[in-house]
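If you're matching them up, the sequences are chains A and B in order. In the working numbering, each number is its position in the first sequence, counted from 1, plus 1174. In the working numbering, each number is its position in the second sequence, counted from 1, plus 3. The beta-carbon is built from N, C-alpha and C at its ideal position, and this holds for glycine as well. Remember, predicted model here, so these are calculated numbers, not experimental data. Okay, so here's the structure we're looking at.
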Amino acid sequence: MTSSSVRTRAFRTVLACSALASCLGLPLGILGGVYLTESRDRRLPWLIRFTADVLNGVPSIVIGIFAYTVVVLPMRRFSALAGGVALAVIMLPIVVRTTEEMMRLVPGSLREAALALGLPEWKVILRVVLPTARAGIITGVMVAIARIAGETAPLLFTAFGNRFWHQGPDQPIAALPLQIFAYAIAPYDDWHRQAWAGALVLILLVFLVSLAARVATRGRYSAVR
Amino acid sequence: MADGIRVRDLNAWFGSLHVLKGIEVATAPKAVTAIIGPSGCGKSTFIRCLNRMHEVVPGARVTGTVLVEGEDVYAPGVDPVDVRRKIGMVFQKANPFPTMSVFENVAAGLRLAGTRNRAVLNEAVERALTHAALWDEVRDRLDQAGSSLSGGQQQRLCIARALAVEPEVLLMDEPCSALDPIATAKIEELILELRKDLTIVIVTHNMQQAARVSEATGFFLLGEMIEFGVTRELFTNPRDKRTEDYITGRFG
Chain A
1175 MTSSSVRTRA FRTVLACSAL ASCLGLPLGI LGGVYLTESR DRRLPWLIRF TADVLNGVPS
1235 IVIGIFAYTV VVLPMRRFSA LAGGVALAVI MLPIVVRTTE EMMRLVPGSL REAALALGLP
1295 EWKVILRVVL PTARAGIITG VMVAIARIAG ETAPLLFTAF GNRFWHQGPD QPIAALPLQI
1355 FAYAIAPYDD WHRQAWAGAL VLILLVFLVS LAARVATRGR YSAVR
Chain B
4 MADGIRVRDL NAWFGSLHVL KGIEVATAPK AVTAIIGPSG CGKSTFIRCL NRMHEVVPGA
64 RVTGTVLVEG EDVYAPGVDP VDVRRKIGMV FQKANPFPTM SVFENVAAGL RLAGTRNRAV
124 LNEAVERALT HAALWDEVRD RLDQAGSSLS GGQQQRLCIA RALAVEPEVL LMDEPCSALD
184 PIATAKIEEL ILELRKDLTI VIVTHNMQQA ARVSEATGFF LLGEMIEFGV TRELFTNPRD
244 KRTEDYITGR FG
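Here you go:
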């Protein structure tokens, strides 16, 4: 195996669960936030908001058990997908609530100006409100990604860990925090050193995500932040 | 057929609060109508009823008939989006879109409605900005943020933005209340220019302004239209005692 393919595979393996979680959690979370801001109904948004806040406080291992029940048991195997679902459930409330808060910060006068131009409501949301709240929403998304990047507990019995490379989303997979955990509890000094190295890589990844958020939210003109 | 704005028995509510009571108005086309009255008397609500912006507020309700250029704005099956496209609106506080440049702000109405053709957009933006007497001031900084302009320029930018979609009617909700006298004078000049092509309804707290720019004036008090008539007559020879009290500043 060439070293570059080793590197890509390592990269894919390390990020698989987080990437899967983002693919599931971000669209759903942003849509949810938009719904909470725009809905004229009272009861359902209240219920969703309350549920999201409770979910935000649920220990991550409980969410791991949930993913175990709904994904691992029916599939009869641990998988990257199950890990992704668990992490998606963790990031969902964060994304929903920040999207909502940021969209609420957009002044009503902008919304009115856009409506008065004869734009349908969905276009007003998509082309005026969301772009104005963009920076804040991206920050929330990055916070959510940074949060799940380091989660270990929900991956213990979903992604499970794997000593081999990435073998497809329906197979058990290694994850960085899981690997750190496995190395750190082992009785060997060189494994401990691996755990430290893994921790450093993890911190660097989170650092990069924060940096990316800074760059992405700089924007052309000032907006809600 | 151009026949201005006809309003019959217009009532509006916020929840259970009855804010407009049986308003009757008829304006000439291509003329300026001013609406005056103390704060909270329903002036803004009135003009927001004309382009169906009132119903945007949760709990708000409207009854009655509004005919704009012969078409019933509240007829069943009429899409408020189409109504607002034909009836532009300028707000009290300038509200350019903060994520857009000067150009994009003016082009927003057309662009977001699906116009892609660059040449068409360029032409519409230049025409609207010229129309709003802003072109000479911003022609070299069309790509700067709309919010980088001065207050008066921002308000004219908002007027240009409303004009770019070529409305038949322009509603102005205290467009000068946050502007200095020079910027105000510019907007008033602009109104006199615009009335050649548009029917304009302007809400104002400034009675001199109403007298300067409008042909007809309506006086609102506590949700009722006390008097509506030719501007000069309303100011020199009001029929109602309450109108007289208000315009002479003896109110309360």
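One thing to note: I205/B has its Cβ within 7 Å of the Cβ of M175/B. When Cβ-Cβ separations below 7 Å define contact, A1287/A makes contact with chain B. For F238/B, there are no neighbours in chain A by C-beta distance under 7 Å, as the nearest C-beta there is about 30 Å away. Under DSSP, the beta-bridge partners assigned to W16/B are H21/B, R64/B. Note that the C-beta distance between I185/B and M210/B is not below 7 Å. Pairing I1222/A with P1281/A, the inter-Cα distance amounts to about 24 Å. Within the stretch 81-114 of chain B, the complete alpha helix (DSSP H) runs of at least 4 residues fall at 83-89. Residue environment analysis places T1225/A among the exposed positions, since fewer than 16 neighbouring C-beta atoms fall within 10 angstroms of its C-beta. Put simply, the CB of N98/B is near chain A, with a gap under 7 Å to one of its CB atoms. Under the Cβ criterion of 7 Å, S1283/A is counted among the residues facing chain B. Annotation for K199/B: K33 place their beta carbon closer than 8 Å to its own, counting only its chain and skipping 5 residues before and after. Taking 7 Å as the threshold, the shortest C-beta distance from R142/B to chain A does not fall below it. With contacts defined by Cβ atoms closer than 7 Å, T220/B and A37/B form a contacting pair.
A distance below 8 Å between beta-carbons, with the five flanking residues on each side excluded, links I1268/A to the following residues of its chain, in chain order: G1203, N1230, G1314, V1317, A1318, R1321. For the options L1266/A, A1371/A, R1278/A, W1365/A, the alpha carbon positioned closest to that of L1198/A is the one of L1266/A. Burial state of E191/B is buried, judged by a 10 Å Cβ sphere holding 16 or more other Cβ atoms.
Among the residues of chain B, those whose CB is under 7 Å from the CB of V1302/A are F100, following chain order. Taking 8 Å as the upper bound for CB-CB distance, G226/B and L23/B are in contact here, some 5 Å apart. The C-beta distance from R1301/A to L115/B rounds to 5 Å, short enough to fall under 8 Å.
Within the model, the alpha-carbon separation for I1312/A versus L195/B is close to 46 Å. When C-alpha distances from E1295/A are compared across R1214/A, L1189/A, R1388/A, L1385/A, the shortest belongs to R1214/A.
Under the DSSP assignment, V216/B falls in the alpha helix (DSSP H) whose first and last residues are 210-216. Shown here for N108/B: same chain residues with a beta carbon closer than 7 Å to its own, the five before and five after excluded, namely P99, F100, G149, L160, R164 in chain order. DSSP, reduced to helix, strand and coil, places M56/B outside both helices and strands of the structure shown, so it counts as coil. G80/B has a beta carbon lying at 7 Å or more from every beta carbon in chain A.
In chain order, R1214 make up the part of chain A whose C-beta sits under 8 Å from the C-beta of P61/B.
T202/B has V172/B as its beta-bridge partners, per DSSP.
For G1324/A, the secondary structure class from DSSP, reduced to helix, strand or coil, is coil.
Taking all protein chains shown into account, K244/B has fewer than 16 neighbouring C-beta atoms within 10 Å of its C-beta and is therefore exposed.
The contact set of M56/B on chain A, defined by CB atoms closer than 9 Å, consists of E1286, L1289, A1290 in chain order.
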